[in-house]
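The UniProt record's numbering puts the first residue of the sequence shown at 1, with every later residue one more than the last. For every residue, glycine included, the Cβ atom is placed at its ideal position computed from N, Cα and C. It should be emphasised that the depicted structure is a prediction, and the values quoted were computed from it without experimental measurement.
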Amino acid sequence: RDIALLEMTGARYHADQITTARALPALARAKRNGLDITAGTSIHHLTLNELDIADYRTFFKVKPPLRSEEDRQAVIEALRDGLIDIISSMHTPQDEESKRLPFEEAASGAVGLETLLPAALRLYHSGDLTLAELFRAMSLNPAKRLGLASGRLTEGAPADLVLFDPDAPFVLDRWKLNSKSKNTPFDGARMQGKVLATYVAGTPVFEAS
């Protein structure tokens, strides 16, 4: 339906959460036909699947829901091939009370901003995506779609930088997150890749302790 409207209007369009293999053929046709369309997926759908919900822990309840492993692999392949352009954090904070409810009643959503890079590096360490592919999808492509000068290291561009150690191991503790909400599905997960510092327009806004 959205693509049909895009064909009729000639508008620019971003398909935000592509999470299933079934969605990919229509997206591919739209791009082949020259429509001004980009597509994104979330870091949760790239690194987790429906089996992670086995114990019905509400931190794994997100929207769209986590999909099958087959869907996850198809979305990774689409990202690698350039069919999907953008990886988002899908940062959706929820309060503790809304996540203490039974799974069916609990609010959907998970924080993702602070865990975006270490979670994405799982895809690098597993060999699914290169660092260049990850950073293109997390920085360059979003900036291009929004018409921003950031997202790349070029002379005159804003010095928006992240310094990180891609191999630093750590166990994620949700209580150490800076976010007021702590509803992360990666609580207690072994991660490899730690942010050391973040700069916005050359100004340090975060330094690891």
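Would you check if there are 3 or more beta carbon pairs closer than 8 Å linking the region 110-118 to the region 66-77? no
Below 8 Å on the Cβ atoms is my contact criterion, and I expect A28 with L79 to pass it. Report the Cβ-Cβ distance as a whole number of Å. The count along the sequence shown starts at 1 and reaches residue 28 at position 28. The count along the sequence shown starts at 1 and reaches residue 79 at position 79. Not really, about 13 Å apart at Cβ, beyond 8 Å.
Short Cβ contact (8 Å threshold) for W127 with A159: What you label residue 127 is simply residue 127 of the sequence shown in a count that begins at 1. What you label residue 159 is simply residue 159 of the sequence shown in a count that begins at 1. The sequence given here has Gly at residue 127, not Trp. Their beta carbons are not under 8 Å apart, which means G127 does not touch A159 by this criterion.
Between T115 and chain C, is any beta-carbon pair separated by less than 8 Å? Although the question refers to chain C, the structure presented lacks it and comprises just one protein chain.
So what does DSSP say about residue 211, is it helix, strand or coil? Examination of residue 211 is not possible in this model, given that the chain is present from 1 through 209 alone.
Contacting residues, own chain, Cβ-Cβ under 7 Å from F170 (five flanking each side not counted): Counting from one through the sequence shown, the residue named residue 170 turns up at place 170. Hits under 7 Å: M191 and K194.
Return the Cβ separation of I37 and A15 in integer angstroms, given the expectation that the two are a contact with Cβ distance under 8 Å. Start at 1 with the first residue of the sequence shown, and residue 37 comes out as number 37. Start at 1 with the first residue of the sequence shown, and residue 15 comes out as number 15. About 7 Å separates the two Cβ atoms, so the contact holds.
Sequence-distant residues of its chain with Cβ nearer than 7 Å to L121 (five each side left out): In the sequence shown, counting from the first residue as 1, residue 121 sits at position 121. P166, Q192 and G193.
Closer than 6 Å by C-beta to K99: which residues in its own chain qualify, once you throw out the five before and the five after it? Chain order, please. Residue mapping note: residue 99 aligns to position 99 of the sequence shown, counting from 1. Same-chain partners within the cutoff: T58, A106 and N183.
Along the chain, where does the alpha helix (DSSP H) that runs through Q73 open and close? On the sequence shown, residue 73 is found 73 positions in, with the first residue counted as 1. Here the alpha helix (DSSP H) through Q73 covers E69 to R80.
If we count the other Cβ atoms within 10 Å of its Cβ and call it buried at 16 or more, is L48 buried or exposed? Mapped onto the sequence shown, residue 48 falls at position 48. L48 should be labelled buried.
Would you kindly report the start and end of the unbroken alpha helix (DSSP H) that includes H14? Locating residue 14 in the sequence shown gives position 14, where the first residue counts as 1. Segment Y13 to A15 is the beta strand (DSSP E) holding H14; no alpha helix (DSSP H) there.
For V75 and L46, I'd like the C-alpha separation in whole angstroms. Translated into the one-based positions of the sequence shown, residue 75 becomes position 75. Translated into the one-based positions of the sequence shown, residue 46 becomes position 46. Their Cα atoms are separated by approximately 7 Å.
Considering Y56, what are the terminal residues of the alpha helix (DSSP H) in which it resides? As a working mapping, residue 56 is identified with position 56 in the sequence shown. Looking at the DSSP string, Y56 is not in any alpha helix (DSSP H), and its letter there is neither H nor E.
Contained beta strand (DSSP E) runs [length at least 3] in the UniProt domain "Amidohydrolase-related" (63-205), N- to C-terminal order: 86-88, 161-171 and 190-200
Would you say R145 touches the ligand FMN, meaning its beta carbon is less than 7 Å from a heavy atom? Absence of the ligand FMN is noted for the structure shown, with no ligands found whatsoever.
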